[in-house]
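Take the sequence shown: its position 341, counted from the start at 1, is 418 in our numbering, and no numbers get skipped.
Cβ coordinates follow ideal geometry from the N, Cα and C atoms, glycine included.
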Amino acid sequence: MSLPSPCHSPQSLTIGGAAHPAKPLNPFKLVDLQHRRVEYLRVSVTDRCNYRCTYCMPAAGVPVVGHDRLLSFEEIRSLVEQFVALGVRKVRLTGGEPLVRRGIVDLVAMLAEIPGIQDLSMTTNGHLLAPLAGPLKAAGLSRLNVSLDTLKEARFAQLTRQGKLGAVLDGIAAAQQAGFAHTKLNAVVLKGLNDDELSDLALFAGERDLILRYIEYMPIGVDDFWGPQTFLPVAAVREALVTDWDLQPAPLDGTPGGGPAKRWLAQHRRRPELAVKLGLIAAVTEQFCELCNRVRLSPTGTLRECLSTAGALSLRDLLRGGANDQEIRAAIAEALAGKVDAHRFDRVATAEAMSSIGG
Ligand code: SAM
Ligand code: SF4
């Protein structure tokens with residue numbers, strides 16, 4: 078990766094301007110060649126996980142990187158500061174399982190202090206959440222997404238390979254007690270494996286004032302599990318839900334940066350007092366790439382512009398090589414110029430596990 082010349086000040090960062098001379102790009106923001114403004118950074122804090130979800134990684138797990146290759150907390154903070162200076166407003170911590178990274182509460186506190194972040198959230202499998210929910214809230218975490226694909230204990234153990242449903246349910250309850258609002262549940266929908274629970278999951282969320290998102294299974298980290306035998310389009314989810322629920326399109330949920338989910342307000346047909354906010358994420362069948370406002374930072378500091386493409390820029394190596402803030406920002410901006418216009422899941426699967434990429 079060649080760095081732009083040192084005289085490339087932040088004020089003169091334009092990305093791909095020459096290729097689109099008719100429509101100048103905002104020099105102060107991260108804007109890619111498709112004129113999508115990047116405001117959302119997902120930071121994978123570890124590639125390790127205490128679960129082995131069937132749709133995410135092989136039973137034996139995936140090789141994990143050594144600690145010296147992981148970004149330190151100081152390096153994460155430093156890089157997040159550069160992204161924020163370039164216009165990022167929303168930061169999500171993910172993994173692997175972010176709660177297995179030692180000192181995660183301290184990292185949250187460090188990031189919560191960065192001026193300019195409007196929304197600092199985390200996606201977790203919830204297994205370790207019960208004792209940590211209060212400390213995470215006190216450290217400044219704004220919101221939580223908890224993955225929950227089934228409410229059946231044996232099925233949960235089977236899908237996650239080593240998960241315990243009870244621990245996750247305790248974690249969700251603890252998050253609510255700690256005062257987290259707008260908590261979302263993420264359910265990957267799997268044909269023949271949890272598609273008989275679509276309505277029950279909505280009921281569970283509605284009764285607890287949680288938001289539920291149904292996510293299409295993406296061909297990432299695939300062995301032979303992804304395929305027509307397990308893939309369920311969200312169109313089928315909508316069809317299944319209408320038996321029990323009246324679905325009305327809902328306005329955006331108001332969280333900074335928005336998101337890819339199509340939102341619905343569902344009212345239970347036989348319990349009219351019960352309503353639940355639903356999100357349907359059709360990553361495979363209804364591409365939303367033109368709305369994409371996000372980039373990813375891997376546990377080893379690689380910038381990944383799209384889930385479907387391998388990242389090439391090591392921000393860790395730049396940092397450790399002594400690059401200054403300006404050079405880091407210039408490198409990020411240059412890499413963003415290469416953000417693909419759309420993912421390729423309909424044609425190509427991504428071999429790397431979701432846990433390593435940072436889902
Ligand atoms: N360990 C945390 C968790 O499970 O919530 C965070 C990392 S996980 C990779 C982030 C999200 O990606 C989870 O909601 C998980 O269900 C989802 N995910 C993992 N593999 C996926 C796949 N192949 N397709 C769609 N979603 C997937
Ligand atoms: Fe499951 Fe998340 Fe771990 Fe993947 S990273 S195995 S989705 S808990």
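In three-state DSSP terms, what is residue i?
i: I68; result: A question about residue 68 goes unanswered here, because the residues of the chain that appear run from 78 up to 436.
i: S198; result: strand
i: V223; result: strand
i: A264; result: strand
i: Q239; result: coil
i: L246; result: helix
i: R154; result: helix
i: Q254; result: helix
i: L357; result: strand
i: I181; result: helix
i: R232; result: helix
i: A343; result: strand
i: A352; result: strand
i: R397; result: helix
i: S491; result: The structure shown has nothing for residue 491, since the chain only spans 78 to 436.
i: R125; result: coil
i: D323; result: strand
i: L390; result: strand
i: L287; result: coil
Excluding the 5 residues flanking residue i on each side, which residues of the same chain have their C-beta closer than 6 Å to its C-beta?
i: L287; result: T260, L262
i: T237; result: Y128, C130
i: A255; result: A210, G211, K214
i: R340; result: A327, G356
Apart from the five residues on each side of it in sequence, which residues of its chain come closer than 7 Å, Cβ to Cβ, to residue i?
i: V314; result: V266, L275, Y291, L357
i: S308; result: It should be pointed out that residue 308 corresponds to Phe in this sequence rather than to Ser. If we look at F308 and ignore the five residues flanking it on each side, its Cβ neighbours are K268, Y294.
Cutting at 8 Å between CB atoms, please list the residues of its own chain near residue i, excluding the five before and the five after it.
i: P208; result: A251
i: R166; result: E116, Y117, G193, I194, Q195, D196, P333, G334
i: A234; result: G240, K241, L242
i: V361; result: E293, Y294, M295, P296, F308, P310, F422, D423
Compute the beta-carbon to beta-carbon distance between residue i and residue j, rounded to the nearest angstrom, for a pair I have assumed lies under 8 Å.
i: A343; j: A258; result: Incorrect: roughly 19 Å between the Cβ atoms, too far for contact.
i: L380; j: I405; result: Contact flag wrong, Cβ pair sits at about 10 Å.
i: V122; j: R169; result: Rounded, the Cβ-Cβ distance is 10 Å, inconsistent with contact.
i: L374; j: L156; result: 6 Å
i: R393; j: L148; result: 6 Å
i: E230; j: N202; result: About 15 Å separates the two Cβ atoms, so there is no contact after all.
i: G18; j: L351; result: Outside the modelled stretch of the chain, which goes from 78 to 436, sits residue 18, for which no answer is possible.
i: L184; j: M199; result: With a Cβ gap of about 10 Å, L184 and M199 do not count as contacting.
Would you decide whether residue i is buried or exposed? Buried here means 16 or more other CB atoms lie within 10 Å of its CB.
i: V120; result: buried
i: V319; result: exposed
i: D226; result: buried
i: E151; result: exposed
i: R371; result: buried
Any contact of the segment 189 to 199 with the segment 134 to 143, i.e. 3+ C-beta pairs under 8 Å?
-> no
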